[in-house]
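Participant:
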Amino acid sequence: MPDLEDQLTALAGAIEWPTTPRLRVSLPARRGGLGWGRPLAYAAAAVVLIVAVLLAYTPTRDAIAAWVNLHVTINRVQQVPTPSPRPSAALGERLGLGTPTTLNQAQARLAWQVGVPSMLGGPDEVYLQQPPTGPSGGEVTLVYAQRTDIPVSGLTGVSVLVTEARGRVDEIFFQKTVGSEATVEQVTVGGHPAYWISGHPHDFAFVDANGNVYGESLRLATNTLIFDHNGTIVRIEGDMTRAQALQIANSI
Amino acid sequence: MEGRPADDSDLISRAQRGETAAYEEIVQRYQQVAFRTAYVITGTAADAEDAAQEGFVKAYRALDRFRPGAEWRPWLLRIVANEARNRARSSGRRHHLELRLIEGFRPGDAAQSPEAVAIASDERRRLIALLNAMVDEDRLVIASRYFLELSGEETAAALGIPEGTVKSRLSRALARLRAQVEEAPLA
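The listed protein sequences correspond, in order, to chains A and B. Using the working numbering, read the first sequence as starting at 29 and increasing by one per residue. Using the working numbering, read the second sequence as starting at 573 and increasing by one per residue.
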């Protein structure tokens, strides 16, 4: 009898695959002149608005996938699934933020500059997530337990979370599932396109360096602003208004 | 040279310069492996088509940051596989890839490899049944390496795991399959 691996190799020709469809890829206009190794171009391209793609592209069957940018996936659904109850653990574990650390220690382990919003002052807690459970460039979360004018969120247990992540261009850092009651608006931070998700809690999941969703149960997130800051994807989450979120973002 | 198909790096360079026809040729060249890779992950042809389509668009948007001289296929498959995994998760369905044999497949078919001749029809069915009974993790790594004929790097990209994990996972999966085969020997 042939060796098992030979049998499997031989079996390849007998496997029935669905007929490969002729893919109709509507190509959006690309901006020219963005060569590899140009940090500013890289940073800007990381948050290229994908609306042009969406306009040129036929919406998919059961969900309209809207890409905030190359690193964030937003799925539109009619109803957001109910996440599993969160364990009553410490904040970092409960929200999947990674390992508790300090701002200086986190900065020492990252090759990029962590942005701190001056409007919020120093963070109360700092968490670091690196591969294999975080993106290849690492991810840091600044926790602001209580801040004036921003109530403590019933979903996170704190006033504001600022998460910053960096990695390869083909990595997805955050995955969001947005129901029909939430709105996704395009705004601008520092001249770059940004997105403001508000109106109703949305599902949120971290994605690691290999594209795996971190944790099986997604957690609900409250109002969130997502934008690019010099090549780093930043998300600011809290029960705040759009104006407050933009103020915080612009103070980084 | 006239009549000679352009190589990948030439097509990619041209696509990076804005030649959409060059990228369309890339799509033609890689749509089958992209679609089948997505199918292995999503388990449905419809989701696989969507994921492959979106993956090609996303890769196009990222072309400027594709390193000259890098391997195109694993880079593309990583993007397509990410799309496929997102789609599988957002659908809320528990996907299970059911491998099937071509109806009426005969070892003597001209298109088949010489090795195929060595495996009788009953043996193929038994092997497929054993594969379908394996846990997803084992079946997917075997399907990626042997049926999609992906390299270790490409399998790592498709499954979203490090290349070292591919090797260890494949080794364990083959050992388990071998044990199953020996327990219920093929004819």
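Where a beta carbon is used, it is the ideal one built from N, C-alpha and C, also for glycine.
Is PRO49 of chain A close to chain B, meaning its C-beta is less than 7 Å from at least one C-beta of that chain?
Facilitator: Closer than 7 Å to some Cβ of chain B, the Cβ of PRO49 of chain A qualifies, so yes.
Participant: Quick check: is the beta carbon of ILE276 of chain A nearer than 7 Å to any beta carbon in chain B?
Facilitator: Closer than 7 Å: no.
Participant: Comparing alpha-carbon positions, which option in A:TYR223, A:ALA40, A:LEU51, A:ASN132 lies nearest LEU156 of chain A?
Facilitator: The option with the nearest alpha carbon to LEU156 of chain A is A:ASN132.
Participant: Under three-state DSSP, which class holds VAL81 of chain A?
Facilitator: Caution is warranted here: a pLDDT of 28 is assigned to VAL81 of chain A, below 50, making its placement in the model unreliable, and the coordinate value is therefore given only provisionally. Of the three classes helix, strand and coil, the one that applies to VAL81 of chain A here is helix, per DSSP.
Participant: Taking buried to mean at least 16 other C-beta atoms within 10 Å of its own C-beta, is ARG137 of chain A buried or exposed?
Facilitator: Counting Cβ neighbours within 10 Å, ARG137 of chain A comes out exposed, since fewer than 16 surround it.
Participant: Rounded to the nearest angstrom, what separates ILE276 of chain A and GLU735 of chain B at their Cα positions?
Facilitator: Cα-Cα distance, rounded: 40 Å.
Participant: Locate the alpha helix (DSSP H) running through ASP582 of chain B, then write down its first and last residues.
Facilitator: ASP582 of chain B -> alpha helix (DSSP H) spans 580–588.
Participant: Hey, how far is the Cα of SER740 of chain B from the Cα of TRP224 of chain A?
Facilitator: If I take the Cα positions, the gap works out to 43 Å.
Participant: Per DSSP, what are the beta-bridge partners of ASP267 of chain A in this structure?
Facilitator: DSSP output for ASP267 of chain A lists no bridge partner at all.
Participant: Candidates B:GLY724, B:ALA729, B:LEU712, B:LEU699: which alpha carbon is nearest LEU32 of chain A's?
Facilitator: For LEU32 of chain A, the nearest C-alpha among the options comes from B:LEU699.
Participant: Using three-state DSSP, classify PRO46 of chain A as helix, strand or coil.
Facilitator: PRO46 of chain A: coil per DSSP, three-state reduction.
Participant: Can you tell me the Cα-Cα spacing of ARG650 of chain B and GLY732 of chain B, whole angstroms?
Facilitator: One C-alpha to the other measures close to 7 Å.
Participant: Mind reading off the beta-carbon distance from VAL738 of chain B to ALA728 of chain B? Whole number of angstroms is fine, and I expect it under 8 Å.
Facilitator: Confirmed, Cβ separation roughly 5 Å.
Participant: Can you give me the start and stop residues for the beta strand (DSSP E) that VAL212 of chain A sits inside?
Facilitator: That run of the beta strand (DSSP E) goes 211–217.
Participant: Assign VAL188 of chain A to one of three DSSP states: helix, strand, or coil.
Facilitator: The answer is strand: DSSP assigns VAL188 of chain A an E or B state.
Participant: State buried or exposed for SER743 of chain B, treating a residue as buried only when at least 16 other CB atoms are found within 10 Å of its CB.
Facilitator: SER743 of chain B should be labelled exposed.
Participant: Any C-beta of chain A within less than 7 Å: which residues of the segment 579–594 of chain B qualify?
Facilitator: Listed in sequence order: GLY590, THR592.
Participant: On the three-state DSSP scale, how would you describe ARG52 of chain A?
Facilitator: Three-state result, ARG52 of chain A: coil.
Participant: Decide if the segment 626–638 of chain B is in contact with the segment 259–276 of chain A; the criterion is three or more beta carbon pairs, one per stretch, under 8 Å apart.
Facilitator: No: the two stretches stay apart, fewer than three of their Cβ pairs being nearer than 8 Å.
Participant: Any beta carbon of chain A sitting closer than 7 Å to that of VAL629 of chain B?
Facilitator: Closer than 7 Å to some Cβ of chain A, the Cβ of VAL629 of chain B qualifies, so yes.
Participant: Would you call SER146 of chain A buried or exposed, if buried means 16 or more other Cβ atoms sit within 10 Å of its Cβ?
Facilitator: Burial call: exposed.
Participant: Does DSSP classify ILE280 of chain A as helix, strand or coil?
Facilitator: Looking at ILE280 of chain A - three-state DSSP - the assignment turns out to be coil, as it is neither helix nor strand.
Participant: Does ALA7 of chain A have its Cβ less than 7 Å from a Cβ in chain B?
Facilitator: Residue numbering for chain A in the displayed model covers 29 to 280; residue 7 of chain A lies beyond these limits and cannot be assessed.
Participant: Can TRP647 of chain B and ASP580 of chain B be called in contact, C-beta distance under 7 Å?
Facilitator: The answer is no: Cβ separation not under 7 Å.
Participant: ARG608 of chain B CB to nearest chain A CB: under 7 Å?
Facilitator: Yes, ARG608 of chain B counts as interfacial toward chain A.
Participant: Spatial neighbours of LEU68 of chain A within its chain, please: C-beta separation below 7 Å, excluding the five flanking residues on both sides.
Facilitator: Because the pLDDT of LEU68 of chain A is 29, which lies under 50, any placement of that residue in the model is unreliable, and the question is left without a value.
Participant: Do ALA620 of chain B and PHE607 of chain B come within 7 Å of each other at the CB atom, strictly closer than that value?
Facilitator: Cβ distance < 7 Å, so PHE607 of chain B and ALA620 of chain B count as in contact.
Participant: Within 7 Å of any Cβ in chain B, is that where the Cβ of ILE43 of chain A sits?
Facilitator: Cβ-Cβ to chain B under 7 Å: yes for ILE43 of chain A.
Participant: Can you tell me where the alpha helix (DSSP H) with ILE178 of chain A in it begins and where it stops?
Facilitator: No alpha helix (DSSP H) holds ILE178 of chain A; DSSP gives it neither H nor E.
Participant: Of the choices A:GLY162, A:GLY218, A:SER181, whose alpha-carbon is the least far from that of VAL171 of chain A?
Facilitator: When only C-alpha atoms are compared, the closest one is A:SER181.
Participant: In angstroms with no decimal places, state the Cα-to-Cα distance between ARG89 of chain A and VAL652 of chain B.
Facilitator: At ARG89 of chain A the pLDDT is 27, less than 50, meaning the model places this residue with poor confidence; the figure from the coordinates comes in the next sentence. About 17 Å.
Participant: Beta-carbon within less than 8 Å of THR130 of chain A's beta-carbon, same chain only, minus the 5 sequence neighbours each way: which residues are those?
Facilitator: VAL154.
Participant: Please tell me whether ALA634 of chain B and GLU655 of chain B are closer than 7 Å, where the distance is taken between their beta carbons.
Facilitator: Contact: no.
Participant: Closer than 8 Å between beta carbons: that is the criterion. Which residues of the segment 693–707 of chain B meet it against chain A?
Facilitator: Taking 8 Å as the Cβ-Cβ cut-off against chain A, the residues of the segment 693–707 of chain B that qualify are GLU695, ARG696, LEU699, ILE700.
Participant: Near ALA72 of chain A, which residues of its chain fall below 6 Å by C-beta distance, leaving aside the five closest residues on each side in sequence?
Facilitator: Its pLDDT being 28, under 50, ALA72 of chain A is placed unreliably by the model, and the measurement read from it follows with that caveat. Excluding residues within five positions, none has a Cβ falling inside 6 Å.
Participant: Using C-beta distances below 6 Å, list every residue in its chain close to ALA594 of chain B, excluding the 5 sequence neighbours before and after it, in chain order.
Facilitator: For ALA594 of chain B, where only same-chain residues beyond five positions count, the Cβ hits under 6 Å are LEU583, ARG586, ALA587.
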